[in-house]
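6 protein chains.
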Amino acid sequence: MRISARNQLKGTVVAVEKGATTAHVRIDVGGTIVTASITNQAVDELGLAAGKEAYAVVKASDVMVAVD
Amino acid sequence: MRISARNQLKGTVVAVEKGATTAHVRIDVGGTIVTASITNQAVDELGLAAGKEAYAVVKASDVMVAVD
Amino acid sequence: MRISARNQLKGTVVAVEKGATTAHVRIDVGGTIVTASITNQAVDELGLAAGKEAYAVVKASDVMVAVD
Amino acid sequence: MRISARNQLKGTVVAVEKGATTAHVRIDVGGTIVTASITNQAVDELGLAAGKEAYAVVKASDVMVAVD
Amino acid sequence: MRISARNQLKGTVVAVEKGATTAHVRIDVGGTIVTASITNQAVDELGLAAGKEAYAVVKASDVMVAVD
Amino acid sequence: MRISARNQLKGTVVAVEKGATTAHVRIDVGGTIVTASITNQAVDELGLAAGKEAYAVVKASDVMVAVD
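Those sequence lines, one after another, are chains A, B, C, D, E and F. Each step along the first sequence adds one to the number in full-length UniProt numbering, with nothing skipped, and position 29 is 29. Each step along the second sequence adds one to the number in full-length UniProt numbering, with nothing skipped, and position 37 is 37. Each step along the third sequence adds one to the number in full-length UniProt numbering, with nothing skipped, and position 6 is 6. Each step along the fourth sequence adds one to the number in full-length UniProt numbering, with nothing skipped, and position 66 is 66. Each step along the fifth sequence adds one to the number in full-length UniProt numbering, with nothing skipped, and position 68 is 68. Each step along the sixth sequence adds one to the number in full-length UniProt numbering, with nothing skipped, and position 9 is 9.
As structure tokens, then:
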């Protein structure tokens, strides 16, 4: 499947923390950690665990820009 | 200002493309290009232009995870 | 690529309307029209046009519920 | 109340799963299941339960498009 | 229609600026201006114009928090 | 840090309710309560608690408009 989301950042899962229904997945993208909040169900379906290659996917309209 | 968004990815603006009301800003984050879709007005206020240091900011609940 | 988004609704593109930088794509999902607002660039890359099979993809945290 | 969201998909609630603060609500829209992640508080206020008619509401800018 | 979105802020439209496909609508909520980016089509359907009463509606998962 | 988000609504935290991984923070903005759903981790980092001054920050593309 190819998707319209402009940001598909390849990296490696470094941590998965499950909550009651929502999990936080941390992905190392070239040395930068990206955190995703997704359902526990998705974690299980994709077999996400530390060490697995994965993409952080973000729609361009969900990215803001900040300056110091 | 410090913000709750889990993802504040430091990089350098490489391109700004303005549309009628919405602009696309591309930021190089450690060699990965992140694209943000923001208002033209925000581009002007923050003085965004190629070469400027900036952060791509994304709320964790807006990040998905994909695997090959 | 498999993605964490809970909603991957299979259908057929019925219309693509491009703006300055943003396009509106309408997908018929089992008789219900779903409208996506994506970049013109994504429209081109995915070759979206009326008649093409496509999925409307939505993260669960972006779905609200309403009642009459 | 009428709302600007382009996608207001009429269906029937088929499941409600509450977590600590966040619930997952599944709505059958013409045979397609749509999953919403909303607050437990909203579930209670709207009286959401299996069998109830409801709409899955999604802003067009939160819909992505994918192709096989 | 009643909707699950936690934030339904009542106010008055003070400005509508249409772009190619996307419009920016400014709503005065108790003296604070809230800006919404919605489709031109939605502006027309809801008859939005300066002076009209309207609600700015935001899902709780789309709200961040910042401190000075 | 200055951010592109069009809506940065100044107010006072009135309640913080933590769940397993996600917290709900309520901010009084000029008499209107705005609810944010953010990570517990962000609550701790920003030191959010009732009585603290804070901003509710929302990207314009995440704001919908409704009319009665």
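Even for Gly, the Cβ is constructed at its ideal location relative to N, Cα and C.
### Cβ neighbours of residue 10(C) in the same chain (closer than 6 Å, five flanking residues each side left out)
Against the third sequence, residue 10(C) aligns to sequence position 10. Cβ neighbours of residue 10(C) beyond the five flanking positions: 55.
### Message
Could you tell me the alpha carbon to alpha carbon distance between residue 53(F) and residue 67(D), rounded to whole angstroms?
### Response
Here residue 53(F) refers to the residue found at position 53 when the sixth sequence is read from its first residue. Here residue 67(D) refers to the residue found at position 67 when the fourth sequence is read from its first residue. Distance between the alpha carbons of residue 53(F) and residue 67(D): 46 Å.
### Message
Here's the rule I'm using: 16 or more other beta-carbon atoms within 10 Å means buried, otherwise exposed. How should residue 15(A) be labelled?
### Response
Locating residue 15(A) in the first sequence gives position 15, counting from the first residue. By the 10 Å Cβ count, residue 15(A) comes out exposed.
### Message
Let's test the definition: count the other Cβ atoms within 10 Å of the Cβ of residue 12(D) and tell me whether it reaches 16, buried, or not, exposed.
### Response
For the purposes of this step, residue 12(D) is taken as the residue at position 12 of the fourth sequence. Exposed, because fewer than 16 other Cβ atoms sit within 10 Å of the Cβ of residue 12(D).
#### Entry: Selection from 50(C), 61(C), 8(C) that minimises the alpha carbon distance to residue 39(D)
Numbered from its first residue, the fourth sequence carries residue 39(D) at position 39. Restricting attention to 50(C), 61(C), 8(C), the CA atom closest to the CA of residue 39(D) is found in 61(C).
### Message
Quick check: is the beta carbon of residue 46(F) nearer than 8 Å to any beta carbon in chain B?
### Response
As a position in the sixth sequence, residue 46(F) is number 46, starting the count at 1. Yes, residue 46(F) lies at the interface with chain B (some Cβ there is under 8 Å from its Cβ).
### Task
Assign residue 30(B) to one of two classes, buried (16 or more other C-beta atoms within 10 Å of its C-beta) or exposed (fewer than that).
Here residue 30(B) refers to the residue found at position 30 of the second sequence. Exposed: under 16 other Cβ atoms inside 10 Å.
### Task
Let me know the secondary structure DSSP gives residue 4(D) once reduced to three states.
Position 4 of the fourth sequence, counting from 1, holds the residue named residue 4(D). DSSP places residue 4(D) in the coil class of the three-state scheme, outside both helix and strand.
### Task
Output the residue ranges of the alpha helix (DSSP H) runs that lie fully inside the UniProt domain "Mop" (2-67) of chain C and measure 4 residues or longer, sorted by chain position.
For the UniProt domain "Mop" (2-67) of chain C, whole alpha helix (DSSP H) runs of length 4 or above, ordered along the chain, are 40-46.
### Query
With 8 Å set as the bound, which would you pick, yes or no: does the beta-carbon of residue 41(A) sit closer than that to a beta-carbon of chain B?
Counting from one through the first sequence, the residue named residue 41(A) turns up at place 41. So no, residue 41(A) is outside the interface.
### Task
Please determine, among 7(D), 35(D), 28(D), 44(D), the residue with the shortest C-alpha to C-alpha distance to residue 33(C).
Translated into positions along the third sequence, residue 33(C) becomes position 33. Of the candidates 7(D), 35(D), 28(D), 44(D), the one whose C-alpha sits nearest the C-alpha of residue 33(C) is 7(D).
### Message
Less than 8 Å between CB atoms is the rule here; does residue 30(A) satisfy it with respect to chain B?
### Response
Within the first sequence, residue 30(A) is the residue found at index 30, counting from 1. True, the Cβ-Cβ gap to chain B drops below 8 Å.
### Query
Whose C-beta lies closer than 7 Å to the C-beta of residue 18(A) among residues of the same chain, with five residues either side of it excluded?
Within the first sequence, the letter at position 18 stands for residue 18(A). So the list reads 40, 43, once near-sequence residues are dropped.
### Message
Given this structure, state the Cα-to-Cα distance separating residue 37(B) from residue 1(E), to the nearest angstrom.
### Response
The residue given as residue 37(B) occupies position 37 in the second sequence. The residue given as residue 1(E) occupies position 1 in the fifth sequence. Residue 37(B) and residue 1(E) have their C-alpha atoms roughly 31 Å apart.
### Task
Label residue 23(B) either buried or exposed according to how many other C-beta atoms from any shown protein chain fall within 10 Å of its C-beta, with 16 as the threshold for buried.
Position 23 of the second sequence holds residue 23(B). If you draw a 10 Å sphere on the C-beta of residue 23(B), you find 16 or more other C-beta atoms in it, and that means buried.
### Task
Look at the Cβ atom of residue 20(F), then the Cβ atom of residue 49(A), and state whether they are nearer than 8 Å.
Locating residue 20(F) in the sixth sequence gives position 20, counting from the first residue. Locating residue 49(A) in the first sequence gives position 49, counting from the first residue. No, the Cβ-Cβ distance between residue 20(F) and residue 49(A) is not below 8 Å.
### Chain-ordered chain F contacts of residue 14(E) [CB-CB under 8 Å]
Along the fifth sequence, read from residue 1 onward, the residue named residue 14(E) stands at position 14. From the beta-carbon of residue 14(E), no residue of chain F is found nearer than 8 Å; the closest lies around 12 Å away.
### Query
Should residue 63(F) and residue 58(E) be called a contact, given that it needs their Cβ atoms to be closer than 8 Å?
On the sixth sequence, position 63 is the one that residue 63(F) refers to. On the fifth sequence, position 58 is the one that residue 58(E) refers to. Cβ distance < 8 Å, so residue 63(F) and residue 58(E) count as in contact.
### Query
Which chain F residues are close to residue 3(D), counting only those with a beta carbon under 9 Å from its beta carbon?
Along the fourth sequence, one-based indexing puts residue 3(D) at 3. Residues of chain F whose Cβ lies closer than 9 Å to the Cβ of residue 3(D) are, in chain order, 64, 65, 66, 67.
### Query
Does the beta carbon of residue 56(B) come closer than 8 Å to any beta carbon on chain A?
The sequence position of residue 56(B) within the second sequence is 56, counting from 1. Judged by the 8 Å Cβ criterion, residue 56(B) is in contact with chain A.
#### Entry: Between the CA atoms of residue 4(F) and residue 46(B) - distance to the nearest angstrom
Along the second sequence, read from residue 1 onward, the residue named residue 46(B) stands at position 46. Along the sixth sequence, read from residue 1 onward, the residue named residue 4(F) stands at position 4. Cα-Cα distance, rounded: 7 Å.
### Message
Using a Cβ-Cβ distance cut-off of 8 Å, determine whether residue 22(E) contacts chain C.
### Response
Mapped onto the fifth sequence, residue 22(E) falls at position 22. It does: the Cβ of residue 22(E) has a partner Cβ on chain C nearer than 8 Å.
### Query
In chain order, what residues of the same chain have a beta carbon less than 7 Å from the beta carbon of residue 51(C), not counting five sequence neighbours either side?
Reading the third sequence from its first residue, position 51 is the one you call residue 51(C). In its chain, beyond the 5 residues on either side, 12, 13 have a beta carbon closer than 7 Å to the beta carbon of residue 51(C).
#### Entry: Neighbour list for residue 26(B) in chain F, Cβ cutoff strictly below 7 Å
In the second sequence, the residue the question calls residue 26(B) occupies position 26. Within 7 Å Cβ-Cβ: nothing; residue 26(B) doesn't reach chain F, min ~14 Å.
#### Entry: Residue-level contact to chain B via CB, residue 18(A), 8 Å cutoff
To locate residue 18(A), count along the first sequence from 1; it is residue 18. Cβ-Cβ to chain B under 8 Å: no for residue 18(A).
#### Entry: Short Cβ contact (8 Å threshold) for residue 65(E) with residue 65(F)
Numbered from 1 along the fifth sequence, position 65 holds the residue referred to as residue 65(E). Numbered from 1 along the sixth sequence, position 65 holds the residue referred to as residue 65(F). Cβ atoms of residue 65(E) and residue 65(F): not closer than 8 Å.
### Task
State yes or no: is the beta carbon of residue 60(E) nearer than 8 Å to at least one beta carbon in chain D?
Against the fifth sequence, residue 60(E) aligns to sequence position 60. For residue 60(E), the nearest beta carbon of chain D is closer than 8 Å to its own beta carbon.
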